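*Asks:* If you scroll down you'll find the structure; I have some questions about it.
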Amino acid sequence: MSSLVLKTRGLVSAMGSRSVHLSAACNKRTMPDPVDHATGLEKYELLAKQAGNEDPFFLKSFARGVGTKENPNIVNAMDNYRMVGCVCSEDDTSIKWMWLCEGSPKRCECGYWFKLKSHPAPDKYKLPL
Ligand SMILES: [Zn+2]
């Protein structure tokens, strides 16, 4: 047992005595641009962000507006339905989830109205390569 400890200590001390040599010539290497490596939906998203659209798939949350029946909160989607979560009160610790379908605005239990606005999804056969 004690010889094993000694051997291990000897190995560690041998490895610790090695030196590392670096040169300034290595500093010119950079990581490749992620846009060059990405394909499909990932590239679509990166190109949209480069063009200034930070949320091309409508994933970011938003604060509710007035939310009346005549002026409902618009929920963007890339299909004709979407699940929506409403934090009805600021102090709530849970989210009220509901399905929202195109053409039928819906009222949450807290009284706010939501309406789905459908956007065309990117064509998977025409995605950038
Ligand atoms: Zn609500």
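The UniProt record's numbering puts the first residue of the sequence shown at 1, with every later residue one more than the last.
Note that the Cβ used here is the ideal one computed from N, Cα and C, for glycine as well.
Here the structure is a predicted model, which is why all the values come from computation and not from measurement.
1) Cβ of Lys69 within 8 Å of any heavy atom in ligand 1?
2) So, using beta-carbon positions, are Phe114 and Val84 closer together than 9 Å?
3) Excluding five sequence neighbours on each side, which residues of the same chain lie with their C-beta closer than 8 Å to the C-beta of Lys96?
4) Given this structure, state the Cα-to-Cα distance separating Val20 from Met31, to the nearest angstrom.
5) Note the first and the last residue of the continuous alpha helix (DSSP H) segment covering Gly40.
6) Got a sec, what are the start and stop residues for the beta strand (DSSP E) Val75 sits in?
7) Does Val87 come out as helix, strand or coil in the three-state DSSP assignment?
8) Could you tell me the alpha carbon to alpha carbon distance between residue 131 and Trp99, rounded to whole angstroms?
9) Within its chain, find whatever has a CB closer than 6 Å to the CB of Lys117; leave out the 5 residues flanking it on each side and keep chain order.
10) Around the C-beta of Pro72, are 16 or more other C-beta atoms found within 10 angstroms, so that it is buried, or is it exposed?
*Replies:* The relevant details are as follows:
1) Locating residue 69 in the sequence shown gives position 69, where the first residue counts as 1. Outside the cutoff, so no.
2) Here the question's residue 114 lines up with position 114 in the sequence shown. Here the question's residue 84 lines up with position 84 in the sequence shown. Yes, these two residues count as a Cβ contact at 9 Å.
3) Locating residue 96 in the sequence shown gives position 96, where the first residue counts as 1. So the qualifying residues of the chain are Gly85, Cys86, Val87, Cys88, Cys108, Glu109 and Cys110.
4) Position 20 of the sequence shown holds residue 20. Position 31 of the sequence shown holds residue 31. Distance between the alpha carbons of Val20 and Met31 is about 22 Å.
5) Here residue 40 is taken as the residue at index 40 of the sequence shown, counted from 1. Run containing Gly40: Gly40 to Gln50, per the alpha helix (DSSP H) assignment.
6) Numbered from 1 along the sequence shown, position 75 holds the residue referred to as residue 75. Here the beta strand (DSSP E) through Val75 covers Asn73 to Ala77.
7) For the purposes of this step, residue 87 is taken as the residue at position 87 of the sequence shown. Three-state result, Val87: coil.
8) What is shown of the chain runs 1 to 129, which leaves residue 131 out entirely.
9) Numbered from 1 along the sequence shown, position 117 holds the residue referred to as residue 117. Hits under 6 Å: Ile74 and Asn76.
10) On the sequence shown, position 72 is the one that residue 72 refers to. With 16 or more other Cβ atoms within 10 Å, it is buried.
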